[in-house]
Amino acid sequence: MTILDGKKTAADIKEELALEVVELKNKGKKVPHLAAIIVGNDGASLTYVNAKVKACERVGFESTLIRLPDDTTEESLLNEINILNVDSDIDGFIVQLPLPKHIDEQKILMAVDPDKDVDGFHPTNVGKMALNLPTFISATPFGILELLYRYNVETSGKHVVVIGRSHIVGSPMSILLSQKRRIGNATVTITHSRTKNLKELTLQADIIIAALGIPEFLKADMVKDDVTVIDVGITRIADSSKKSGFRLVGDVAFNEVSEKASFITPVPGGVGPMTIAMLLKNTLLACERKN
Ligand code: BQF
Numbered sequence: 032m033t034i035l036d037g038k039k040t041a042a043d044i045k046e047e048l049a050l051e052v053v054e055l056k057n058k059g060k061k062v063p064h065l066a067a068i069i070v071g072n073d074g075a076s077l078t079y080v081n082a083k084v085k086a087c088e089r090v091g092f093e094s095t096l097i098r099l100p101d102d103t104t105e106e107s108l109l110n111e112i113n114i115l116n117v118d119s120d121i122d123g124f125i126v127q128l129p130l131p132k133h134i135d136e137q138k139i140l141m142a143v144d145p146d147k148d149v150d151g152f153h154p155t156n157v158g159k160m161a162l163n164l165p166t167f168i169s170a171t172p173f174g175i176l177e178l179l180y181r182y183n184v185e186t187s188g189k190h191v192v193v194i195g196r197s198h199i200v201g202s203p204m205s206i207l208l209s210q211k212r213r214i215g216n217a218t219v220t221i222t223h224s225r226t227k228n229l230k231e232l233t234l235q236a237d238i239i240i241a242a243l244g245i246p247e248f249l250k251a252d253m254v255k256d257d258v259t260v261i262d263v264g265i266t267r268i269a270d271s272s273k274k275s276g277f278r279l280v281g282d283v284a285f286n287e288v289s290e291k292a293s294f295i296t297p298v299p300g301g302v303g304p305m306t307i308a309m310l311l312k313n314t315l316l317a318c319e320r321k322n
């Protein structure tokens, strides 16, 4: 069994990005600049956005964090987005999700300039991704592809079962892995809460992408020997022995499933850190495309 070490791989990628920043500087070019807008004070969202800012500092990118209050109107958020859209110093930016309930998420994502949409959530970029055209592949699916690539996991001709149909992970992963690309050419089954006989399907899978958000949902009796398992779950479970007061639990019962798996991602330290690294990679790409 091989652990797909996202923490280490993300650190490798950030090191590579840092070298590219040095090169840009040597050529007298501007360094990539990522901005992030966060609305409200959700603890997990603040942790994520702070991790992104810190990662920028680590690789030598510029970053700008825009914090807006909980009661920010849709109109003033759209205004902030427009400011970033027209700011030529900003190469890419993200709006940290989820947004407060009084704001229409789709309307916000559609306001981001597709050329600065380093999260790849704009319908134009989702469409390009689905057509296998050059675009920003959103950070979590991009991170999963990169992890499979760097560990030489064969996907061509394999049966992939994706559990979960979210617009952020399940849906794009099912599209990407079925495409004609280096990490792709798989036969993909996408499953969700209405799927019947899920276990029958997962037992046939060579690769399972677990992205449904139910802690330790995937058990050893649901997988075959030598399966590859990608765990996208990150539920916070109260744990008084941790200084944070919680621990992260994935969608996979790691201890039992890892005994049957050939490759498996841990939680934490699997897909999560890759998400951050690939957001930076997209920001460098945005910067290069602009200049
Ligand atoms: C790790 C996210 C749900 C909703 C909005 C490292 C992250 C997570 C875990 C992280 C996530 C999840 C992010 C680990 C960004 C991934 O060590 O296991 C990093 O920061 N993520 C986000 O920005 O928004 C989310 C999940």
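Numbering (this note's numbering), first residue to last: 32 to 322.
Note that the Cβ used here is the ideal one computed from N, Cα and C, for glycine as well.
Note that the coordinates shown come from a computational prediction; the quantities given were computed from them, not determined experimentally.
Taking residue i as the reference, which of the options has the closest Cα?
i	options	result
Val288	Ser107, Leu232, Lys250, Lys312	Lys250
Ile265	Ala292, Arg213, Thr171	Thr171
Ser209	Gly201, Glu290, Thr218	Thr218
Asp256	Gly123, Thr233, Glu177	Thr233
Ala317	His190, Pro165, Ile295, Ser205	Pro165
Ile69	Val62, Lys58, Val84	Val84
Asp43	Thr78, Glu177, Lys56	Glu177
Asp36	Asn156, Met141, Asp150, Asn183	Asn183
Lys39	Lys274, Ala75, Gly151, Gly303	Gly303
His198	Tyr180, Ile239, Pro154, Ala236	Pro154
Arg181	Gly158, Arg213, Gly188	Arg213
Ala41	Ile295, Lys61, Val90	Val90
Arg225	Ser272, Leu243, Thr314	Leu243
Asp237	Ala269, Lys189, Lys211	Lys189
Which of the three DSSP states is assigned to residue i in this structure?
i	result
Ile168	coil
Ala42	helix
Ala236	coil
Arg225	coil
Phe92	coil
Ile175	helix
Asp146	helix
Leu35	coil
Phe285	helix
Ile268	strand
Ser293	strand
Ile199	coil
Thr78	helix
Ile112	helix
Just to confirm my understanding: we take residue i, look at its own chain, exclude 5 residues before and 5 after, and list those with CB closer than 8 Å. What are they?
i	result
Ala241	Ile194, Gly195, Phe248, Leu249, Val260, Ile261, Asp262, Val263, Gly264, Gly281, Asp282, Val283
Glu105	His133, Ile134, Asp135, Lys138, Ile139
Short of 6 Å in beta carbon distance, which residues of its chain neighbour residue i, apart from the five on each side in sequence? Order them along the chain.
i	result
Met136	For the record, residue 136 in the displayed sequence is Glu; it is not Met. Leu130.
Met309	Ala170, Phe173, Gly174
Met253	Lys230, Thr233
Ile121	His64, Ala66, Leu115
Asp270	Phe277, Arg278
Excluding the 5 residues preceding and the 5 following residue i in the sequence, name in chain order all residues of the same chain whose CB lies nearer than 7 Å to its CB.
i	result
Ile221	Val193, Arg196, Gly201, Ser205
Asp148	Asn156, Phe167
| said: Using a Cβ distance threshold of 8 Å, determine whether the segment 93-111 contacts the segment 47-55, with at least three qualifying pairs required. | reply: Using a Cβ-Cβ distance cut-off of 8 Å, the segment 93-111 and the segment 47-55 are not in contact, since fewer than three pairs of beta carbons, one from each stretch, lie closer than that value.
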